[in-house]
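J.: Taking our numbering, the leading residue of the sequence shown gets 664, the next gets one more, and so forth. Every residue gets a Cβ at the ideal spot worked out from N, C-alpha and C, and that includes glycine. Predicted model only: the values in this text are computed from it and were never measured. Below you'll find the structure I mean.
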Amino acid sequence: MGALNEESVCKRMNDLKPGILPGLFFSHDSSHMRETLKSMMDEGANSVEKQSAERSPVIRYLNQEMIEISGREATDLLHRISTNDIISAEPGTVVATCFLTEKGRLVDVPVLLIRGPESVLLLPSPGNGSTLLQWIDHFIIMEDLTLKLVSEGFSTFSLPAETRHPLDRFSPSDLPQQNRFLERSDDTIIIRRNVGANDQFMMIVPTGTDNERVLLRQNPITSDSVEARLRRILSGTPSLGKEITSSFNPYEAGLEHLLHGRKGCYVGQEVIARLATYDKVRRKLAGVLMTSFQEVPVEIMIDNKPAGIVTSLSEIPLGGRFPGLAIVSRDTRDGEEISGSAGNADISGNVVALPFPEVQAAATVAPAREGNRPR
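Here it is as structure tokens:
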């Protein structure tokens, strides 16, 4: 075993990435299974699209909060306690990062809007603002910093970048480039970033304004709806309380792209470095297609051996199968059959690559379904 140093850690992280990115475990004899799964999913996508061609592509986020961080050491503190490079980010940049426990497990994966070295607007997972503020405050000792939780007076929406309306009410100069944000004079904040494989805008608008009314007229689905959950799953995006928990590290949750290999120490960095250096990553994020819907989490098996856990599952089937996300053994291959038990019911399905192929567009028009149980 080599000594832990920056060069060896970075090299090991780079070596690991091809092996732990979801969807790259194909065996030479799995092509037939992949074609079968793709055909089945195409059939489901067509069915969904026919049922509701008018479904809104706009999502309204419930319980979205913001944390305003201001002071001379704003970006410095965030750089020292999170996994990504914050201190080098230019004003107007959007940076996603991981907050970890000292054991390298996930606390949250917020989005940071870098206003400048002394001002950052942090977007935690919906409903997690108070908890995350307290977590950050724990690391403030002598720093010149102020934290403020903002939970009222605004609404938050997301929509695909190709959506023409309501984006056509803004001039091109009002729409930021990828991984950038703009704060308008009317207090509207427009953010552009990739979510999974999708180019999306997020709009934070003051309540009672024309911008909010225009977005509400799009009949947006809500972030807690079964349709929004399906879209999240199909894009392979982890969620707080499902894949983003203290049970998993960033590698296991498919968030290794948020681990900056050449920055200094941060909370949990020693554990993350050892996972990379000594090839200790044992699990990865994968998609699954199940034969029935069950409440999660559900432990799954391959050939009667423990293989992982289903962490998210959609109530909306595609082609008779229910898409989901799972944390599975690192050597699990696409197309492998999985099985498990939930209560008195057996559950089975297959592992599939992320993001789910060919069905994301159809998911934006997924219909509401009566009688769906909340996850």
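At what residue ranges does the segment 917 to 965 contain a whole run of the beta strand (DSSP E), taking only runs of 3 or more?
T.: Fully contained in the segment 917 to 965 are the following beta strand (DSSP E) runs of length 3 or more, in chain order: 946 to 953 and 961 to 965.
J.: Spatial neighbours of residue 954 within its chain, please: C-beta separation below 6 Å, excluding the five flanking residues on both sides.
T.: 1011 and 1012
J.: Grouping DSSP H, G and I as helix and E and B as strand, with all else coil, what is residue 874?
T.: DSSP, reduced to helix, strand and coil, places residue 874 within a helical segment of the structure shown.
J.: With DSSP run on the structure shown, which of helix, strand or coil describes residue 712?
T.: For residue 712, the predicted structure reports a pLDDT of 40, less than 50, and the residue's modelled location is therefore unreliable. A value from the coordinates is still provided. Looking at residue 712 - three-state DSSP - the assignment turns out to be helix.
J.: On a Cα-Cα basis, can you pick out the residue from 830, 985, 741 and 855 that is closest to residue 763?
T.: 741
J.: Would you decide whether residue 787 is buried or exposed? Buried here means 16 or more other CB atoms lie within 10 Å of its CB.
T.: Residue 787 should be labelled buried.
J.: Whose C-beta lies closer than 8 Å to the C-beta of residue 929 among residues of the same chain, with five residues either side of it excluded?
T.: 742, 743, 744, 745, 746 and 763
J.: Under 7 Å Cβ to Cβ from residue 896, same chain only, skipping five residues before and after it: list those, please.
T.: 975, 977, 986, 987 and 988
J.: At the level of alpha carbons, what is the spacing between residue 876 and residue 775?
T.: 26 Å
J.: So residue 826 and residue 723 are in contact, right, with Cβ under 8 Å, and what is the actual spacing, rounded?
T.: Not a contact, Cβ separation roughly 14 Å.
J.: Checking the sheet assignment: what are the DSSP bridge partners for residue 982?
T.: DSSP, once it has assigned bridges, lists no residue as partnering residue 982.
J.: Counting pairs of Cβ atoms below 8 Å between the segment 731 to 738 and the segment 861 to 879, do you hit three or more?
T.: no
J.: Which complete beta strand (DSSP E) runs does the segment 718 to 770 hold, if anything under 3 residues is left out?
T.: 722 to 724, 729 to 733 and 756 to 759
J.: Sort 923, 902, 829 and 818 by Cα distance to residue 859 and report the nearest one.
T.: 902
J.: Report back the beta-carbon spacing between residue 750 and residue 738 to the nearest angstrom; my notes put them in contact at under 8 Å.
T.: 5 Å
J.: Closest to residue 839 by CA distance: which of 861, 892 and 865 is it?
T.: 865
J.: Between the C-alpha atoms of residue 999 and residue 991, what's the straight-line distance to the nearest angstrom?
T.: 11 Å
J.: At which residues does the alpha helix (DSSP H) containing residue 797 begin and terminate?
T.: 792 to 800
J.: In terms of DSSP beta bridges, what is residue 861 paired with?
T.: 858
J.: Ignore the nearest five residues each way along the sequence and tell me which others in residue 604's own chain have a CB closer than 8 Å to its CB.
T.: In the structure displayed, the chain extends from 664 to 1038; residue 604 sits before or after that span and is not available.
J.: Less than 7 Å between CB atoms is the rule here; does residue 752 satisfy it with respect to chain D?
T.: Of the chains in the structure shown, none is chain D; there is only one protein chain.
J.: What separation, rounded to the nearest whole angstrom, lies between the Cα atoms of residue 962 and residue 971?
T.: 6 Å
J.: Could you give the DSSP three-state label for residue 1016: helix, strand or coil?
T.: coil
J.: Does the Cβ-Cβ distance between residue 892 and residue 945 come in under 7 Å?
T.: No, they are not a contact pair.
J.: Can you give the beta carbon distance from residue 922 to residue 935, rounded, assuming they're within the 8 Å contact cut?
T.: Your pair residue 922 and residue 935 checks out as a contact, with CB atoms roughly 6 Å apart and the cut at 8 Å.
J.: Hey, residue 822 and residue 796: beta-carbon distance below 7 Å or not?
T.: no
J.: Please classify residue 694 as buried or exposed, where buried requires at least 16 other C-beta atoms within 10 Å of its C-beta.
T.: Residue placement at residue 694 cannot be trusted, given a pLDDT of 48 that sits under 50; what the coordinates show is reported in the next sentence. It is exposed - the Cβ of residue 694 has fewer than 16 other Cβ atoms within 10 Å.
J.: With distances taken between CB atoms, is the gap from residue 979 to residue 1001 smaller than 7 Å?
T.: Result no, Cβ atoms of residue 979 and residue 1001 do not sit closer than 7 Å.
J.: Look up residue 811 in the DSSP assignment and give the residues it is bridged to.
T.: 731
J.: Which stretch, first to last residue, makes up the beta strand (DSSP E) that contains residue 777?
T.: 774 to 779
J.: By the three-class DSSP mapping on this structure, what secondary structure does residue 886 have?
T.: Annotated three-state conformation of residue 886 is coil, per DSSP.
J.: At what residues does the beta strand (DSSP E) containing residue 970 begin and finish?
T.: 968 to 976
J.: Return the Cβ separation of residue 837 and residue 847 in integer angstroms, given the expectation that the two are a contact with Cβ distance under 8 Å.
T.: 7 Å
J.: Is the Cβ-Cβ distance between residue 1018 and residue 888 less than 7 Å?
T.: no
J.: Under the three-state reduction of DSSP, which class applies to residue 869: helix, strand or coil?
T.: strand
J.: Using only the alpha-carbon positions, how far apart do residue 950 and residue 844 sit?
T.: 31 Å
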